[in-house]
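Residue numbers (my numbering), protein chains in the order written: chain A, 35 to 453; chain B, 35 to 453. Note sheet for the following structure.
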């Protein structure tokens, strides 16, 4: 078996643990010099491949590569760039094959979500069509937890731990203040179409009356009357009310609640996310003072409170991707298979990319409580193991000490290519 | 010396470490049964004292009291209720003395910010006037770090560590995405009048070009032109730009920027905090895609990433407050004295409440860089030790395991009192 180089790219929104997968890929490749030469990373994802902006990871020390395991974000850069169909983007696909030829790349690892698995699958198809042997392996990643064929997605468990921790902490805060001040706290979290992250907020509640009191999922059309009635009930019963809301919350017609505020004097969509729209609705209708938080990138970058389960799985998937490639598996993605909820046991499986591409896994109805405002015990049993375990990064000067790689580019061999 | 009971209350916005001070008070009082009988806590702060809603902390186990050291928020409840002058609120002050008499309280510990130190001072004065001996000791607490006479305020160091960590993590995230997606990240932090928390974001930057690139302080009137020029410069030089902004950012006329958005169609002030106003300004004028985060209560409740320095100081101040009271010091507040920046050394001091009350300490001009957009080395030297050290709480089921006290009320002895 001839030694070939490998290509690795990160795609889409980054996470607290995508670099743990990168670490798994690179460390495993380094243990197999008889099969894999160097690992080249696309600078800013697939854009780096198209523009021949390849990072030579062999110039990074073993120690720095090991530090990737606890560094959030995409160490080589990521991108939002979706390759369309082979017909529409034929030039791009052909360019990718040219790049692989020019740099003797025989392995293509693509670390991303639904779109990326679709891209990896297409690249595998075109390489076959063009007669250039290329083994393409996808590595799952998405905070949205919406990939099919895998029990969970790396990145999600750490966001889940962050939002549940934040909700618990803010809940303690509001409880302290409610008698004379803030009675309502709303936290807006990510998840445009799937409510997994919103659901994870619910783990902070371990007994009747504990925050969060209400969850608003994108899967459940927003009903203002039922919501306000529930808020009032919580304030009267517990003295305060805490709400976790998905950015993708929509009304019965599918219109985003975040856009309900209309336009301002300049014709812009009114500022404020759905969290604030919901909070202001409570203020207007019930008169309660509110605070709201928008975790935004903080939630997916919060490596300081990552889930150990998540970190371990992210690393294991990167490692397995290389092992699959070495053993000749093409157009596949390693997956997480759950063996038991409690005590939690999991192992790695393998899915065909064609069965993963472009499918979005939403929350199953049995994970949402009858009134639509909370999670069920079944959901809790599913989510709980994913946030288990702590794996704090090293700290220096009071702050997490994350690695910044050298990221030296390879010399270019081909003509320029406009993306 | 007759044994007397003690009263303890938490006041104003709570923090990640105010309960560490409570822990210091109660544990120290329990070590001195020859002087202090029981510690009664006001439920929801001074409101609990006025309404005779007193919590008997002697019913809490030593183990639970010890857990306060790592539990955020106000374990006995806090409130926003400012006692006015003795003339205006004479009935309230007299009521407090009646409560103390009824429950044999000889020590009054008040844990709060500027207003609370003023209240403690007045209570001390009225007790003397009414001939009821009461020793009043203030315990500093405020995330705003704006109390005079003390080098720093408990609660601030932990917020500082949280915002610097969050800014670093989000900065890594944006750097990954900037080539094809988000180029601007804005994080809005607390601090209406003093820019200490905003300044703390700056600790995330340890070398040229690292986030945050721009800080917007309430002490520096907002200059949109200079700001936009700097944003553009950062994006051109680094590929992205990250901004930490104080909720209290104002224009040259002192008008809050958060209120610049005008009214919506219903006559409400437009939604969106200053973070979003600033981010939208960049989008409108420079066209860069943005994300923004509003940490809100998350920042002050984030005990999971508290500063060990802060926790230690909060505990020590609670402990010292009791020691001061036992040794007969009245109308005082223990303080933090800095002996050296690096290695950091500190000790406890004592200030007169009359010198603390109602004075607000803003950022000194020499802590803000010449262009008004960052912190100086002098500021860094001041802030750095305050975020040093980690002191994570225990975790259970993947989440911080905070204590919820029993908080049993004492039997009432007096007639009802309307607050």
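For each residue, glycine too, the CB sits at the ideal point set by N, CA and C. All values derive from a computational prediction rather than experimental measurement.
Check                                                                                                                                                                : Outcome
What are the boundary residues of the alpha helix (DSSP H) that residue 318/A is part of?                                                                            : 308-320
Under 7 Å Cβ to Cβ from residue 300/B, same chain only, skipping five residues before and after it: list those, please.                                              : Any reading at residue 300/B needs caution, since the residue's pLDDT is 46, under 50, leaving its predicted position unreliable; the model's value is listed next. Answer for residue 300/B: no residue qualifies.
How should residue 442/A be labelled, buried or exposed, when 16 other C-beta atoms within 10 angstroms of its C-beta is the threshold for buried?                   : exposed
Between the Cα of residue 287/A and those of 309/A, 256/A, 243/A, spot the shortest distance and give me the residue it belongs to.                                  : 256/A
Indicate the three-state DSSP secondary structure (helix, strand or coil) for residue 437/B in the structure shown.                                                  : coil
So what's residue 126/B in DSSP terms, helix, strand or just coil?                                                                                                   : helix
Which of the three DSSP states, helix, strand or coil, is assigned to residue 112/B?                                                                                 : coil
Could you tell me which of 149/A, 243/A, 79/A sits nearest to residue 41/A, measuring between CA atoms?                                                              : 79/A
What span of residues does the beta strand (DSSP E) with residue 197/B cover, start to end?                                                                          : Segment 190-211 is the alpha helix (DSSP H) holding residue 197/B; no beta strand (DSSP E) there.
If you measure from the beta carbon of residue 85/A to each beta carbon in chain B, is any gap under 8 Å?                                                            : no
If you check the beta carbons only, do residue 107/B and residue 209/A fall under 8 Å apart?                                                                         : yes
What residues from the segment 204-219 of chain B come within 9 Å of chain A, judged by C-beta to C-beta, listed N to C?                                             : 204, 205, 206, 207, 208, 209, 210, 211, 212, 213, 214, 215, 216, 219
When the cut-off is 8 Å and only beta carbons count, does residue 262/A lie next to chain B?                                                                         : no
Could you give the DSSP three-state label for residue 39/A: helix, strand or coil?                                                                                   : strand
If the cut-off is 9 Å on Cβ atoms, which residues from the segment 403-423 of chain A count as contacting chain B, listed in chain order?                            : 418, 419, 420, 421, 422, 423
As an exercise, report each continuous beta strand (DSSP E) stretch of at least 3 residues that is fully enclosed by the segment 336-414 of chain A, in chain order. : 366-375, 378-386
Run through chain A and tell me which residues come within less than 8 Å of residue 339/B, C-beta to C-beta.                                                         : 338, 339
Since residue 144/A sits in a beta bridge, which residues does DSSP pair it with?                                                                                    : 43/A, 172/A
Is residue 117/B helix, strand or coil when you go by DSSP?                                                                                                          : coil
According to the neighbour-count rule (16 or more other Cβ atoms, all chains shown, within 10 Å of its Cβ), is residue 124/A buried or exposed?                      : exposed
Could you give the distance in angstroms between the alpha-carbon of residue 158/A and the alpha-carbon of residue 170/A?                                            : 6 Å
Please name the residues in the segment 154-181 of chain A whose beta-carbon is closer than 9 Å to at least one beta-carbon of chain B, in chain order.              : none
With H, G and I counted as helix, E and B as strand and the rest as coil, what does DSSP make of residue 279/B?                                                      : strand
Give the DSSP bridge partners of residue 220/A, in chain order.                                                                                                      : 277/A, 326/A
According to DSSP, simplified to helix, strand and coil, what is residue 102/B?                                                                                      : helix
When DSSP builds the beta bridges, which residues end up paired with residue 424/B?                                                                                  : 341/B
Buried or exposed: residue 425/A, going by 16 or more other Cβ atoms within 10 Å of its Cβ?                                                                          : buried
Exposed or buried, which one is residue 455/B when buried takes at least 16 other CB atoms within 10 Å?                                                              : Nothing in the structure corresponds to residue 455/B, since chain B is present only between 35 and 453.
For residue 429/A, decide whether its Cβ has a neighbour in chain B, counting only Cβ atoms nearer than 8 Å.                                                         : yes
Could you check whether the Cβ of residue 230/A sits closer than 8 Å to any Cβ belonging to chain B?                                                                 : no
Residues of chain B with a CB under 8 Å from the CB of residue 326/A: which are they?                                                                                : 328, 330
Pull up the distance between the alpha-carbon of residue 29/B and that of residue 447/A, whole angstroms please.                                                     : Look at the range of chain B in this structure, 35 to 453, and you will see that residue 29/B is not part of it.
From the DSSP output, which residues share a beta bridge with residue 75/B?                                                                                          : 42/B, 89/B
Out of 88/B, 84/B, 94/B, state which residue places its alpha-carbon closest to the alpha-carbon of residue 25/B.                                                    : The first residue shown for chain B is 35 and the last is 453, placing residue 25/B beyond what the model contains.
State the start and end residues of the unbroken beta strand (DSSP E) segment that holds residue 248/B.                                                              : 248-250
Work out the CA separation of residue 101/A and residue 75/B for me, nearest whole Å.                                                                                : 47 Å
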